[in-house]
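Everything on this sheet refers to the single structure shown next.
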Amino acid sequence: MKKLLVTGGCGFIGSNFVRYWLARHPASKVVVYDKLTYAGRRENLHDLWETPNLSLVVGDVADLELVRRTCQTNEIDLIVNFAAETHVDQSILGPLVFTETNVRGTHVLLEVARELGLRLHHVSTDEVYGHIPEGHQSVETDPLAPRSPYAASKAAADQLVQAYFITYGLPVTITRGANNVGPYQHPEKAVPLFSTNAILGEVLPVYGDGRQMRDYAHVDDHCTGIETVLLRGEMGEVYNVGTGREMTNLEMVEIVLETLGKDRSLIRHVADRPGHDRRYSMNVDKLRALGWAPNHDPRQAVAEAARWYADNRWWWEPIRSGEFRQYYERQYAERLAERAPPKP
Ligand code: DAU
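See below:
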């Protein structure tokens, strides 16, 4: 595992992983392969571009020729696939690109890995398990029951990865991550959206009653989880990565407001997301059995993330004043104009 192709390495989790991996494995070479869409930004690795063992290829994961050529010229041993369209609300507004990048893109990587004899690690999500009723925690063998176009595209990709292990014996592993929080997360996602809105004194649009439950895990714990699987995971296996502890969105919002010294009056309940999953919850014992454990408590992770946005306006202000405005209008204008639903 000396030469890694990190697809989606300019995105949120991908860039955190690249930073973590290069710090821990300075002798390895990392080629970031990224389409540099709205969420994949060079700035996410601003401090590392001078590093001699890091390089960037701008390209689409669905471009088989370019992926193949990039792997061949860089003598890649391992592909770590973070490349994905990831935002549920965007998948409701425009689902087709999710199939192209998440399903076809993963399929292209599998084909190149098969042809060149490479190992592939695929980064997936707890959303593939669908809504989880109280009292249950998803285990890796649970059936997949995705409920949004985004989650369905990730579930399809997972199944392709597993099919390549069964059919061709391709060396693959999968991690399924919980909601990650931390530096460089695009402000379309709840924690950076609420943090940046609170900093700007704008209302925080909480979908429905805000009692949906999520495991807000620190992105660094996801990076150590992936590293553990790369070093000690069994081929063909899936590993859940999270803290195993959930909180409601309202609890998360309160941590953000408290951290930033803002008032609860900024909370605005708005129309819910269609098909909104009420609860995700994963059992992470399988990864723990490999010697991994999360280092951050979810409350601490959310507070730390909110502080990062307060300290790094240089990073998010250009995003918020750019084309993000159009998305924000489309997603929130009507919701915010409606009379607020009664408080639960
Ligand atoms: O669970 C892992 C998944 O976490 C990842 O696979 C996805 O890529 C990532 O987007 C995230 O999905 P969620 O839909 O859970 O995350 P998001 O940050 O969009 O929303 C978190 C919760 O906050 C969710 O219950 C919806 C709610 N929410 C979100 C937004 C953007 C609101 O109440 N208001 C909002 O404006």
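Quick note: the sequence shown uses our numbering, first residue 1335, plus one each step. Built from N, CA and C at the ideal position, the CB exists for glycine as well.
- DSSP places V1457 in no alpha helix (DSSP H) but in the uninterrupted beta strand (DSSP E) bounded by 1453 to 1459.
- Across the set W1626, R1612, D1611, the C-alpha of W1626 shows the shortest separation from the C-alpha of V1618.
- Burial state of D1554 is buried, judged by a 10 Å Cβ sphere holding 16 or more other Cβ atoms.
- Annotated as distal: C1405 and R1375, with beta-carbon spacing of 7 Å or more.
- In this structure, ligand 1 has a non-hydrogen atom nearer than 6 Å to the beta-carbon of V1422.
- Collapsing the DSSP output to three states places G1511 in a strand.
- A check of alpha carbon separations from R1654 across E1522, M1569, E1585 identifies E1522 as the nearest.
- Within the same chain, and ignoring the five residues on either side of T1433 in sequence, the residues whose Cβ sits closer than 6 Å to its Cβ are S1487.
- Taken through DSSP and simplified to helix, strand or coil, Y1573 comes out as strand.
- Following the DSSP letters along the chain, one finds V1495 inside the alpha helix (DSSP H) bounded by residues 1483 to 1502.
- Using a cutoff of 6 Å, the CB of E1585 does not count as near ligand 1, since none of the ligand's heavy atoms is closer than that.
- Shown here for V1431: same chain residues with a beta carbon closer than 7 Å to its own, the five before and five after excluded, namely E1419 in chain order.
- With fewer than 16 neighbouring CB atoms inside 10 Å of its own CB, P1467 falls in the exposed class.
- The Cβ atoms of H1465 and D1645 lie no closer than 7 Å to each other.
- Following the DSSP letters along the chain, one finds L1390 inside the beta strand (DSSP E) bounded by residues 1388 to 1392.
- A straight line joining the alpha-carbon of L1454 with that of V1495 spans about 9 Å.
- Not one heavy atom of ligand 1 lies closer than 6 Å to the C-beta of D1397.
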